[in-house]
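J.: Can you read through this structure? Questions will come right after.
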Amino acid sequence: MKLTKEMLDSVRNIDGFPIGSDEDIIELSDPPHYTACPNPFINDFIEKYGKPYDEETDDYKCEPYAADVSEGKNDPIYNAHSYHTKVPYKAIMRYILHYTKPGDIVFDGFCGTGMTGVAAQMCGNPDHEFKFKVEKEFEKEGKKVEWGARRAILGDLSPAATFIAYNYNTPVDTAEFEKEAKRILNEVENECGWMYETIHTIDGVPQKYMDGSVIKGKINYTVWSDVFVCPNCSDEIVFWDAAVNKEDGKVMDEFKCPHCGAAVSKKDLDRAWKTVYDKALDKVINQVKQVPVLINYTVDNKRYEKKPDEFDMELIEKINEMDIPYWYPTDRMPDGYNTEQPKKSHGITHVHHFYTKRNLWVLSAIYDKVVDCKFNKLFFSLILSSLARASKRNRYMPQYGNRHVGILSGTLYIPSLTEENNITMLINTRISNAIRAYSSFISDNYFDYLISTNSLLNYKNLENNSVDYIFTDPPFGDNLMYSELNFLWESWLKVFTNNRTEAIINKTQKKGLHEYQELVEKCFSEMYRILKPGRWMTVEFHNSKNAVWNAIQEAILKAGFVIANVKKLDKQKGTTKQLTYSMTVKKDLVISAYKPKEGFVKRFLKEAGTEEGVWDFVSQHLEKLPIVVEVGDRLDIVDERRDYLLYDSMIAFHIQNGASIPMGSSDFYAGLKKRYIERDGMYFLPDQAAMYDSKRAKLELNDQLSFIITDEKMAIQWLKYKLLNKPMTYQELQPLFLEELHQGKHESIPELIDILQENFLKDDDGRWYVPDVNRQSDMEKLREKKLLKDFEEYKNSKGKLKILRSEAIRVGFKECWRNKDYETIVSVGERLPESFLQEDQTLLMYYDNAQTRLGV
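Reminder that position 616 of the sequence shown reads as 616 in the UniProt record's numbering, one-by-one numbering, no gaps.
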């Protein structure tokens, strides 16, 4: 099937259409499975494989996958290509097996390297160990695994990402590929092998064969060192010579200038710069001076190390003076957060500056020879996977001995000591990894898939209610600048990310948290549109900032989804940033959200603002929540079934649908007790309670809840938990309360005694206890009157609000929402500290929706 220019014209107006010539986009594509642009064959895919949705006959029922998932990254498929972030496909398989049946369509619009597609296909061909493990897990939950491949629709804004995803999801004849790979690498070795030769020396003496000819070794890697200038004597300091202790491999923080003996440290030094003529750019440029300092090479399968000698220096000079006879990219690096670092530190302004002349030559030679071969796209993918370790970004860290540490992921950082790898060896390793990966991949069980390169803001060719399940891993705020990091890959593909709609926080792109949330919300709205009602979306997310976490949840809710569960996903190997900074979140979080049935939404909109609407929502929501969560030999509390979180979910659904909230928390809690079955502080529908009782009879409850008291709301919930079964005195409560108290920066939390007096009752013995539901309702009304007075003071004051009682803001915003006084919500919201607003999901929800109502 062909991709024509006329087809490109039909999708050119879709957000995220990449930057590149039509010829290069067509050349990179493999229609209909993969197009390096919005895929014009997507409707054909849906018509061929999709199952039309009919609410009257739809019998789909599924609760969220509530187990914490732990899956390692040590898998040949996972490791076949490096990318900034990836979710292990075996972790995704668990979700797909839980939510779908064989043949169902799975969607991922932030697909990255396409692990969701791999997972969908591998459901039809699991390895024996994984199959046994999952069947045991499902059997424990009383379910049967339905093995069989699922179909996948994958998309991403980045051509590099979708290209890698295409290669991950396309089976290959490994025997034929290996034969072709050996042929090409032999050609390159015959042509360029001399570039990685060095004379074998022992103690500086060249070693010779019996006939008197010198013995040459094959270079594995060469270490290059930055050169600095001493601020005391102005002489040059080779960083390797001065700062590295060769005996133990330690890099010293402080060292002596070898010329004047002055004590210096790297942070106090300026780099030495040199002026060179860049023939590719036809101009003189300035770059940091780097010199080779160590060569690791092999002779007769034995490794040696040496200091570069005259032969090595002449060889490097000879290569630098020659012209590379092949094409290579020379694109200027775009302005950005990540791209500034190598520009400032080393004068690297264009793509080809990231490589030594030798490595650039060999990369371009391999690229030229694979253009017309049968497996050219897979070869290009392996070249991409090698670029990081082929570049000056590749760190040499002597403290780790012979371990190759690679690049600092998520950055374009250029280290002071770089490891220049032998490219043919590097590519050969990637080829071996690919063969191992594809040998365990789908092959005979190959199912259809489709990959599209465009923004998730709109999938104009994808019909409403057309996909059965969504698993996605959206961008993490400002954690990673994908379009900047992918530029190095995409320069070799000649097709670039159109980052106008890239959902990130990036100053250069003039995108802050608000713009990020707005873009992500539009993406989730599109996913809501294409997902069948009653079905599930799983969102895997990592960010250490509460504001970004709240922005994602708010975007999901505003799109129309209802969040049912949040659990952990442990990928077992942290990213560099996760391992380095102790304050970052160590586990990824997984949000389970569902799209309500259309009939329910229509009914709710008629009942909105009434008690009937409240209980209609709660009944539907309880149906979607986990019933039993087993951890080891105990049952876990399902937090989402607790009264205050059910209340929060009800509030959120009303606000997102523009409805007034018909009752306070106490009346809501009283209604819960009256209408539903309570077990261990959780609420169930009748048939769910029977299932829970059956499990509860066999297993103990893990009821040790963890609270961190950051505001008044959590303080009240903590006190309810403590006093529910055992009244306690103020003297007993106070030390426990202070242990858990971690007051927010802008938060004004009342004294413990005041919280007790406003929300609890005291018996004759001076012990505080939780009042019955009727008394709670009366107390809440009195408390809200006091809080509204506080809110009025905030409302009528001037300037920014710095320290405030968040419960007063919540009550005030709720009252304003009931009165449709959106102006007050927005005006007060604008005076709140930005972090305070962004990190409180309820306040942010009121504020964002009030802005929407006002058309701001």
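Every residue gets a Cβ at the ideal spot worked out from N, C-alpha and C, and that includes glycine. In this text the structure is predicted, and so the values were computed from the model without any measurement.
Tell me whether Glu830 sits in a helix, a strand or coil according to DSSP, three-state version.
T.: helix
J.: Relative to the alpha-carbon of Leu384, which residue among Trp492, Val284, Phe311 has its alpha-carbon at the smallest distance?
T.: Leu384 has its Cα closest to that of Trp492, out of Trp492, Val284, Phe311.
J.: Tell me, please, which residues DSSP counts as bridged to His350.
T.: In the DSSP output, where bridge partners are listed per residue, His350 has Arg332.
J.: Return the first residue and the last residue of the beta strand (DSSP E) that Pro735 is part of.
T.: Judged by DSSP secondary structure, Pro735 falls outside any beta strand (DSSP E) and instead within the alpha helix (DSSP H) spanning 730-740.
J.: Give the DSSP bridge partners of Gly406, in chain order.
T.: Arg395
J.: Which runs of the beta strand (DSSP E), 3 residues or longer, sit entirely within the stretch 421-495?
T.: Runs found: 449-453, 467-472.
J.: Could you tell me whether the stretch 345-365 touches the stretch 280-297, using the rule of 3 or more Cβ pairs below 8 angstroms?
T.: yes
J.: Which partner residues of Val238 appear in the DSSP bridge assignment?
T.: Val227
J.: Roughly how many angstroms separate the alpha carbons of Lys344 and Glu139, rounded to a whole number?
T.: Take the alpha-carbon of Lys344 and the one of Glu139: they are about 57 angstroms apart.
J.: Using a threshold of 8 angstroms, state whether the C-beta atoms of Gly534 and Asp58 are closer than that.
T.: yes
J.: Note down, in chain order, each residue of its chain lying with its Cβ closer than 6 angstroms to the Cβ of Val405, except the 5 sequence neighbours on either side.
T.: In chain order, Arg395, Met397 place their CB closer than 6 angstroms to the CB of Val405, counting only its own chain and leaving out the 5 sequence neighbours on each side.
J.: Apart from the five residues just before and just after Pro474, which ones in its own chain have a Cβ nearer than 8 angstroms to its Cβ?
T.: Excluding sequence neighbours, Pro474 sits near Phe110, Ala503, Val520, Cys523, Val539, Phe541, Ile552.
J.: Cα-Cα, which of Ile202, Lys101, Arg529, Gln776 is closest to Arg151?
T.: The closest CA to that of Arg151, considering only Ile202, Lys101, Arg529, Gln776, is found on Lys101.
J.: Given 8 angstroms as the limit, is there contact between the stretch 362-380 and the stretch 313-327, that is, 3 or more CB pairs closer than that?
T.: yes
J.: Does the beta-carbon of Asn725 have 16 or more other beta-carbons within 10 angstroms, so that it is buried, or is it exposed?
T.: exposed
J.: What residue range does the alpha helix (DSSP H) around Glu27 cover?
T.: 22-28
J.: Hey, would you say Ile339 sits closer than 8 angstroms to Glu484, going by beta carbons?
T.: A quick correction: the sequence has Thr, not Ile, at residue 339. Taking 8 angstroms as the Cβ cut-off, Thr339 and Glu484 qualify as a contacting pair.
J.: Taking three-plus beta-carbon pairs below 8 angstroms as touching, is the stretch 242-258 in contact with the stretch 315-323?
T.: no
J.: Over the uninterrupted beta strand (DSSP E) stretch that includes Val362, give me the two end residues.
T.: According to the DSSP assignment, Val362 belongs to no beta strand (DSSP E) but to the alpha helix (DSSP H) extending over 357-370.
J.: Residues in the same chain with beta-carbon distance under 8 angstroms from Trp615, minus the five sequence neighbours each way, listed in chain order, please.
T.: Gly671, Arg675
J.: When you compare each of Lys720, Glu6, Asn13 to Leu457 by their alpha carbons, which one comes out closest?
T.: Of the listed residues, the one whose Cα sits closest to Leu457 is Asn13.
J.: Count the other C-beta atoms from every protein chain shown that fall within 10 angstroms of the C-beta of Arg403, then say buried if there are 16 or more, exposed otherwise.
T.: exposed
J.: Quick one: residues in its chain with C-beta nearer than 7 angstroms to the C-beta of Arg775, no 5 flanking neighbours on either side, listed in chain order?
T.: Leu761
J.: In its own chain, which residues sit with a C-beta less than 7 angstroms from the C-beta of Ala263, not counting the 5 before and 5 after it?
T.: Glu254, Lys256
J.: In this structure, what does DSSP give as the bridge partners for Asn565?
T.: Ser592
J.: Pick helix, strand or coil for Tyr53, following the three-state DSSP scheme.
T.: coil
J.: Using CA coordinates, which residue listed in Gly664, Gln851, Leu801 is at the minimum distance from Lys814?
T.: Gly664
J.: Does DSSP classify Gln517 as helix, strand or coil?
T.: In the three-state reduction of the DSSP assignment, Gln517 falls in the helix class, which pools H, G and I.
J.: Between Leu589, Lys216, Val467, which lies nearest to Glu305 when the distance is taken from Cα to Cα?
T.: Lys216
J.: Rank Asp108, Asn421, Tyr400 by C-alpha distance to the C-alpha of Ser391 and give the top, closest one.
T.: Asn421
J.: Between the C-alpha atoms of Asp15 and Asp24, what's the straight-line distance to the nearest angstrom?
T.: 19 angstroms
J.: Using the Cβ count rule (16 or more neighbours within 10 Å means buried), how would you classify Arg290?
T.: Before going on, a small fix: residue 290 reads as Gln here, not Arg. So Gln290 ends up on the buried side.
J.: Considering only DSSP beta bridges, list what Gln287 is partnered with.
T.: Checking the DSSP bridge columns, you'll see Gln287 partnered with Lys274.
J.: Whose CA, out of Leu488, Lys795, Gly812, His200, lies closest to the CA of Leu788?
T.: Gly812
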